[in-house]
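First up is the structure itself, then whatever we jot down about it.
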Amino acid sequence: MAPVKIPAMATASTKAEKEADLVMGTNNSSIVSKRSVELLYYPQPHFFRYFVKKPQRRAPLINRGYWLRMYAMTETVRRFLEEPSDNPKSVLNLGCGFDPLPFQLLSTEESLCKNATFVDIDYEKLMINKRNAIEKTTEISSLLKDVEFLSDENAVLIRSKHYVGVGCDLKNLKKLGETLKTIIGEGQCSILCTAEVSLTYMDVESADAVIKWTSSLSQDVRFALLEQFFPDGPDHPFAATMMKHFNKLRAPLHSIHHYPSLHDQERRFLDAGWGRAHARNLWDLWSDNSFLSSFRRMSLDTYEVFDEWEEFALFASHYFLLTASTGKEPPRNGEQRQAGPQDSELALSSAFRLIPYCPPRFKGQRRYGALIPDNDRRLGHHGGQGAQSRLSTSDIYTHSPGIKESGRSMPPKDIPARICHSVTSLNEEDCLLVGGRAAPTTVFGDCWLRKNGTWKKTHDLPTPLYRHSSTRLTLEALGDCVLVYGGKSAKSDVLGEWTLWNSEIGWQTVEQVGHRPAPRFGACMACVDSSSGVLFGGITQDGIVLDDFWTWKVSQRDDGSFFVELSDHTEDLRAASPLSKFIGRFGATVNVIPRGLLIIGGICAREIIPSQYEILLLNVSDIFRAINYEKSWDNKLLSSIGLGVEFNGPRPLLAGHVSCTLTESQTLILGGGAVCFSFGTCWNEGTWLLQSADSDSQNTWSVMPEAEDKSPDETQETPKRLRRAKAMNGDRSIPRISVETSSEFERILEASRPVVIQGTDVGPCTELWTKDYLTNTVGSDRKVVVHEAQTENMNFQTKNFSYVTKGFGCFLDEVHAGGRQYLRSISSEKPTKMPANLAIDFPQLKDDFRLPAELSFVTENMHSSPLRISGPVTMWLHYDVMANVYCQVRGRKRMVLYPPSEVQYLQLPPGASSSTIDIFQNGPDGPIVSIPYTSPHEVLLQPGDILFIPPLWLHTAAPMGEVSIAVNVFFRNLTQGYAPGRDVYGNRDLQAYEKGRNDVIKIARAFDGLPPDMAQFYLLRLADELREKAERD
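Numbering (the numbering used here), first residue to last: 40 to 1072.
Quick look at the structure:
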């Protein structure tokens, strides 16, 4: 059956109704993600399928995050139903959306439900849709015994023995209370109320009223609340990105501001009359074997390869599950909230200062890269994940703006792009690059040595691995070596082996002696003298961050073999320092300084790392003295630096970052960031310098523009035209930036280079514009003119498509069914005389889409704003005379652009604005056609992205697997020069060009009557003169 989505808002909707529609719109996105989880992780039968017409496979991070959310709620309900009781049980889902949990349990665990009634409660409009879907779906309705489907005017819309569907605004507690009396009666009953990210959309007063009201429904009432909170304040980069996302949807979170912490949420329930309340974040629940078994955690990897651990921990740490009950029983084990460490004796923050330097239009976006040593004024950041893809390049950082070239060589670009690799310094000149991965199943075992300034491939790893730990040793017999421990293999096996590399002998296995640490990846390891060091943290095979602490020492036997002796000092450190709970980290960086070992960022077990503990200092010299009984274990072994004294500036998201010691008193942090679940990507756009608080040095470290490679055979005598073509050959990614002011956008206009503007608000269209919403809002019978293509690649020159007029609903049905169709809307009133205008042509949609205020120049100079809806067809390569911003609304779109200077290579017939070349002849996701002397600029647009396309930049587009919806806003950026008269599509060439074409004809005619070879001779000379003028800088 066809899924049922929320209908369009009526034009006369009240403000409350519009807000309700926006909140209900969040359900549409949520159920698509939950359907993705169901498809991958859940056994049959599936029930989300009946509410989601077209499944979409979400990214592994989204899948695992929603899996944990779904598991937390399901397990809470299951445990309630499993409790022995003679009373009937009711499960009230407050703000249920299209959640099918009752049907899942009734289908697979019927015996558990024999004494239970599930009551789904949500807005009337949503529950009417849910009722209609259930009524039409035999697979669901057959599960419901004695089912009745009631009319719209009833509060109870579905009634059966074990399931009831109620349409009622949760703010209307009087109506809801009267309705529940008819369902569960007034006798003795055990009730569980659940609310998964629903109450937080209500104003706080109304949400609190619901919580207080539910506590009086029976003598035995429980509550399970799952929603967001601020574990480290609203300024944490993840929290800020999350809040910006919901505000952008115009569905802001309310409760989080009044009850930001777990303690606040618990107090909220106790003040509302509940006898007990206990809240735990989802990352804590993930790590609890009594809630989620080790076996089940490991089993998830059999469904989908996963390596987004930092991002998963950030997400799970910002969501909580609170369980409350009306009973007065004492707190259960683990429910006493532990006080955090006291800062007074343990803090060294006053001794350090963290200085940010975040220039505008920062271009060093990459995470999970590796630092390449250079000299005290320069360094490189190699590989890692860029804005669009994994990188094989290196960013060069310098604190001296006058330095133009790197002193030492960076890894050559023919080393495959990778992330999660290591680079270990061997001496002032040499370093070793080890392992890493492309995809988690494509793991590298190659190693590269920079020796005397030259990079060469050296001995391969015995087992390809990534997220390993490496450090430099200096052994008496061998000199400089690299010790590697742990990591992960292509089969997702977590490793626990130790290996040693030397340029003479290659890799050797190091035997473990004494206690054996659990295998791990992403651990912290450092050598503190020539052959001994510390090891802590990392993640185990079952996805738990370890909080242990080890010391090690590498030695060589007489036969030449090596062994490592390990000692477990976890309990020693735990007893000595309350900060030890924050030393067990995954993905942190460590740097040796004179005062000890700096531990920077990463994630830890069970909770997010509070800002005051994000940077710690471990006194390793005193650690080893304590091990040798030269001093006692005390709380001064581990101190907190946090973000230093008087930190002021953008707070870095210390995940996927790198760091290095510059001098005895300075450590540099750069790179990093994270995909913040479905809320957007947060990049660290700058550098952060940690130094002594008494230093007056400033942080000026920034990315240096990469020097252009010059080929040896390129000389001054090479013609300028050929030099230019050669230099531009190759493809480039289009930068992604944030625009905060209108003046910043005007600078983008002046630069006249394409950019993707991200993080802005284009309205609720990105969530609302589903197929059903558009059909219901615009009208199924509305006539539109669409391109019907014969093949997947439309070509304007060969006209392999036809223009067809059809109903808008028919078009949407066909294009969502895979029809090769494309809509570029035209004026609904005067299509041959007026340009398209979304607000006029589709007035029902005008409030859904808006350009951000920062793009006021576009709004003030707008020419047209056509709506574009594309099926599986690619657009022909063409240029537009006017500048435009392409706003991606739904689906993804691959865009390829070419600079105007390359028009001569792109086969445009004289006077035409469209090329004859099929750029996507290898398919929309295949390699584009290679055109000599061109530099294609490519980007994959996501919903909410705004691509600025400067005038005359040739471009083509291909949707990626799903229907693409966009709004394209053309605007005038010239004060004069446009062609006179009517220009409906905004693609008439400039007046000077049209006049120039006439002049060319006149010039050519002037040579009529001459021998052809002589005419050609002089016309070619004139062409060269014209070309020289065209290429003047």
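The beta carbon of each residue, even a glycine, is placed where N, CA and C say it ideally should be. Note that the structure is predicted; figures quoted are calculated from it, not measured.
Measuring straight from C-alpha to C-alpha, what distance separates tryptophan 487 and threonine 493? Within the sequence shown, residue 487 is the residue found at index 448, counting from 1. Within the sequence shown, residue 493 is the residue found at index 454, counting from 1. Distance between the alpha carbons of tryptophan 487 and threonine 493: 10 Å.
Label arginine 170 either buried or exposed according to how many other C-beta atoms from any shown protein chain fall within 10 Å of its C-beta, with 16 as the threshold for buried. Position 131 of the sequence shown, counted from the first residue, corresponds to residue 170. With 16 or more Cβ atoms within 10 Å of its Cβ, arginine 170 is classed as buried.
Please name the residue, chosen from Leu945, Ile458, Tyr105, Gly848, that lies closest to arginine 821 on a Cα-to-Cα basis. Position 782 of the sequence shown, counting from 1, holds the residue named residue 821. For arginine 821, the nearest C-alpha among the options comes from Gly848.
Tell me the DSSP secondary structure of glycine 104 in three-state form. Here residue 104 refers to the residue found at position 65 when the sequence shown is read from its first residue. Glycine 104 falls in the helix class under three-state DSSP.
Nearer than 8 Å: is that true of the beta carbon of methionine 112 relative to any heavy atom of the ligand NAP? Absent from the structure shown: the ligand NAP. Ligands present: none.
Do phenylalanine 663 and glycine 641 have their C-beta atoms within less than 9 Å of each other? What you label residue 663 is simply residue 624 of the sequence shown in a count that begins at 1. What you label residue 641 is simply residue 602 of the sequence shown in a count that begins at 1. Against a cut-off of 9 Å, the Cβ pair of glycine 641 and phenylalanine 663 comes out as no contact.
Boundaries (first-last residue) of the alpha helix (DSSP H) holding threonine 177: For the purposes of this step, residue 177 is taken as residue 138 along the sequence shown, with counting starting at 1. From DSSP, the alpha helix (DSSP H) with threonine 177 extends over 177–180.
Could you check whether the region 854–862 touches the region 907–914, counting it as contact only if at least three pairs of C-beta atoms, one from each stretch, sit closer than 8 Å? yes
Across which residues does DSSP place serine 229 in a beta bridge pair? Counting from 1 along the sequence shown, the entry for residue 229 is found at position 190. Answer is Lys128, Asp259, bridged to serine 229.
Three-state secondary structure (DSSP) at glutamine 981? Counted from its first residue, the sequence shown places residue 981 at position 942. Correct three-state label for glutamine 981: coil.
In angstroms with no decimal places, state the Cα-to-Cα distance between arginine 1060 and isoleucine 967. What you label residue 1060 is simply residue 1021 of the sequence shown in a count that begins at 1. What you label residue 967 is simply residue 928 of the sequence shown in a count that begins at 1. In a straight line, the C-alpha of arginine 1060 is about 35 Å away from that of isoleucine 967.
Is serine 791 close to chain C? Criterion is C-beta to C-beta, closer than 9 Å. No chain C appears in the structure shown, which is made up of a single protein chain.
Count the other CB atoms within 10 Å of the CB of asparagine 320; is the residue buried (16 or more) or exposed (fewer)? Numbered from its first residue, the sequence shown carries residue 320 at position 281. When all chains shown are included, asparagine 320 counts as buried.
What span of residues does the alpha helix (DSSP H) with threonine 898 cover, start to end? For the purposes of this step, residue 898 is identified with residue 859 of the sequence shown, where counting begins at 1. Unbroken alpha helix (DSSP H) run through threonine 898: 895–899.
Would you check if there are 3 or more beta carbon pairs closer than 8 Å linking the region 594–606 to the region 468–487? no
To the nearest angstrom, how far is it from the Cα of serine 782 to the Cα of leucine 1029? Counting from 1 along the sequence shown, the entry for residue 782 is found at position 743. Counting from 1 along the sequence shown, the entry for residue 1029 is found at position 990. Rounded to whole angstroms, serine 782 to leucine 1029 spans 27 Å at the Cα level.
At the level of alpha carbons, what is the spacing between glycine 576 and threonine 628? As a first step, residue 576 must be located in the sequence shown, where it is residue number 537. As a first step, residue 628 must be located in the sequence shown, where it is residue number 589. Going from the Cα of glycine 576 to the Cα of threonine 628 covers about 11 Å.
Near aspartate 964, what residues of its chain come up, given a Cβ to Cβ distance below 6 Å and the 5 sequence neighbours on each side ignored? What you label residue 964 is simply residue 925 of the sequence shown in a count that begins at 1. For aspartate 964, where only same-chain residues beyond five positions count, there are no Cβ hits under 6 Å.
Reference serine 950; option with closest CA among Thr156, Lys1034, His460: By 1-based counting over the sequence shown, the position of residue 950 is 911. Here residue 950 is glycine; the residue named in the question, serine, does not match the sequence. Here the closest residue by C-alpha is Lys1034.
Can you tell which of Pro891, Ser953, Leu890, Arg889 has its C-alpha closest to the C-alpha of aspartate 919? By one-based count along the sequence shown, residue 919 stands at place 880. Selected option, being the one with the closest Cα: Ser953.
Contacting residues, own chain, Cβ-Cβ under 6 Å from leucine 1058 (five flanking each side not counted): As a first step, residue 1058 must be located in the sequence shown, where it is residue number 1019. Answer for leucine 1058: no residue qualifies.
Along the alpha helix (DSSP H) that carries glutamate 779, what are the first and last residues, could you check? Indexing the sequence shown from 1 puts residue 779 at position 740. It is not in any alpha helix (DSSP H) - glutamate 779 carries neither H nor E in the DSSP assignment.
What separation, rounded to the nearest whole angstrom, lies between the Cα atoms of methionine 449 and proline 412? For the purposes of this step, residue 449 is taken as the residue at position 410 of the sequence shown. For the purposes of this step, residue 412 is taken as the residue at position 373 of the sequence shown. Taking the straight line joining both Cα atoms gives about 9 Å.
Three-state class that DSSP yields for serine 952 in the structure shown: For the purposes of this step, residue 952 is taken as the residue at position 913 of the sequence shown. If DSSP states are grouped into helix, strand and coil, serine 952 belongs with coil.
I'd like the span of the alpha helix (DSSP H) that includes serine 146, first residue to last. Mapped onto the sequence shown, residue 146 falls at position 107. Here the alpha helix (DSSP H) through serine 146 covers 140–147.
Going by DSSP, what residue range makes up the alpha helix (DSSP H) through valine 243? Here the question's residue 243 lines up with position 204 in the sequence shown. 243–253 is the span of the alpha helix (DSSP H), which, as asked, contains valine 243.
Would you please state the rounded distance, in angstroms, between the beta carbons of leucine 331 and tryptophan 322? I believe it to be under 8 Å. The residue labelled residue 331 in the question sits at position 292 within the sequence shown. The residue labelled residue 322 in the question sits at position 283 within the sequence shown. Not quite, the Cβ-Cβ distance comes to about 11 Å (not below 8 Å), so this is no contact.
Quick check: what's the CA-CA separation for asparagine 193 versus methionine 166? As a working note, residue 193 is residue 154 in the sequence shown. As a working note, residue 166 is residue 127 in the sequence shown. Straight-line Cα distance between these residues: approximately 11 Å.
Once DSSP output is grouped into helix, strand and coil, what is the label at lysine 1068? The residue you call residue 1068 lines up with position 1029 of the sequence shown. Note: lysine 1068 maps to helix in three-state DSSP.
Which of helix, strand or coil does DSSP assign to lysine 869? Position 830 of the sequence shown holds residue 869. Reduced to three states, the DSSP call for lysine 869 is coil.
Are the beta-carbon atoms of proline 998 and asparagine 1012 separated by less than 9 Å? Here residue 998 refers to the residue found at position 959 of the sequence shown. Here residue 1012 refers to the residue found at position 973 of the sequence shown. It is not a contact, given that the beta carbons lie outside the stated cut-off.
So, using beta-carbon positions, are glutamate 806 and serine 68 closer together than 9 Å? In the sequence shown, counting from the first residue as 1, residue 806 sits at position 767. In the sequence shown, counting from the first residue as 1, residue 68 sits at position 29. Against a cut-off of 9 Å, the Cβ pair of serine 68 and glutamate 806 comes out as a contact.
Outcome for tyrosine 842 when other beta-carbon atoms lying within 10 angstroms are tallied against a minimum of 16: On the sequence shown, residue 842 is found 803 positions in, with the first residue counted as 1. So tyrosine 842 ends up on the exposed side.
Where the beta strand (DSSP E) through methionine 934 begins and ends: As a position in the sequence shown, residue 934 is number 895, starting the count at 1. Segment 932–937, the beta strand (DSSP E) holding methionine 934.
Three-state secondary structure (DSSP) of leucine 361: By 1-based counting over the sequence shown, the position of residue 361 is 322. Residue state, collapsed to three classes: strand.
Which two residues bound the contiguous beta strand (DSSP E) that contains lysine 845? For the purposes of this step, residue 845 is taken as the residue at position 806 of the sequence shown. Where lysine 845 is concerned, the enclosing beta strand (DSSP E) stretches over 840–846.
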